[in-house]
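K.L.:
Just dropping this structure here.
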Amino acid sequence: MPHEVSLRWISAADSELSEVWKSEGELFSYMSRWSPRMDSSTPVRPDRCRWHAILLGGLTIGTLWVEREHEDEDVADLGILIGVPAHRGRGIGRKAIHLAEQDVIEAWSLRKLRLRVRSSNIRAIRCYKQCGYVESGRSMKSMADEMIEVIRMEHVLGRISNPPV
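Take any residue in the sequence shown, count from 1 to its spot, add 3: that is its number in the working numbering.
In structure tokens form, the structure reads like this:
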């Protein structure tokens with residue numbers, strides 16, 4: 004991978020890319036959300052949500068967010084989407100997660116990150132495990148008249164098992 008992975012704050016212009024990625028249809032089998040829990044009418048509060056575009060050599064290829072309910076919490080939730088299919092499975096997500104972890108450690112002094120992933124999303128689970136996330140539970144979620152198994156994973160920050168190269 005010749006280009007550098009970096010993060011930048013999400014902008015209004017990124018919403019068009021998000022719509023393109025959603026329209027491709029394939030993401031519905033992997034994702035239930037493409038953005039933080041807040042609705043579009045709520046401004047992003049940097050003390051509760053760190054929402055970034057994922058860049059590969061300057062090209063926006065995905066989005067990543069870390070959000071928490073209250074600004075004094077030391078635990079937050081991670082969400083990530085690599086919107087360009089050709090860039091999945093290449094280690095970009097792992098590098099982006101590492102950058103986001105560094106960001107929230109500095110900005111919020113977080114202790115732990117959590118996430119949820121569909122049990123069928125093997126590639127994402129492998130990525131999260133390489134980043135040091137461990138399974139903390141499973142549950143079933145109803146989506147479009149279908150029951151989906153969801154794995155809960157968490158990572159104690161500062162314990163990165165395989166930092167990206």
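Where a beta carbon is used, it is the ideal one built from N, C-alpha and C, also for glycine.
(1) Please list, in chain order, all residues of the same chain as Gly140 whose beta carbon is under 8 Å from its beta carbon, the five residues on each side excluded.
(2) Checking the sheet assignment: what are the DSSP bridge partners for Glu157?
(3) Pull up the distance between the alpha-carbon of Val137 and that of Arg129, whole angstroms please.
(4) Using the rule of at least 16 other Cβ atoms within 10 Å of the residue's Cβ for burial, across every protein chain shown, is Glu70 buried or exposed?
(5) Identify whether Glu152 lies in helix, strand or coil by the three-state DSSP scheme.
(6) Hey, quick one: how far does the beta strand (DSSP E) through Arg53 stretch, first residue to last?
(7) Of the choices Lys144, Ala110, His90, whose alpha-carbon is the least far from that of Leu62?
P.N.:
So, to answer that:
(1) On the sequence shown, residue 140 is found 137 positions in, with the first residue counted as 1. The answer, listed in chain order, is Ile154, Arg155.
(2) As a position in the sequence shown, residue 157 is number 154, starting the count at 1. Partner(s): Arg117, Val137.
(3) In the sequence shown, counting from the first residue as 1, residue 137 sits at position 134. In the sequence shown, counting from the first residue as 1, residue 129 sits at position 126. The straight-line gap from Cα to Cα measures roughly 10 Å.
(4) Residue mapping note: residue 70 aligns to position 67 of the sequence shown, counting from 1. Taking all protein chains in view, the Cβ of Glu70 is crowded by 16 or more other Cβ atoms within 10 Å, so the residue is classified as buried.
(5) Numbered from 1 along the sequence shown, position 149 holds the residue referred to as residue 152. Of the three classes helix, strand and coil, the one that applies to Glu152 here is strand, per DSSP.
(6) In the sequence shown, the residue the question calls residue 53 occupies position 50. 52 to 59 is the extent of the beta strand (DSSP E) around Arg53.
(7) Along the sequence shown, read from residue 1 onward, the residue named residue 62 stands at position 59. Per the Cα distances, His90.
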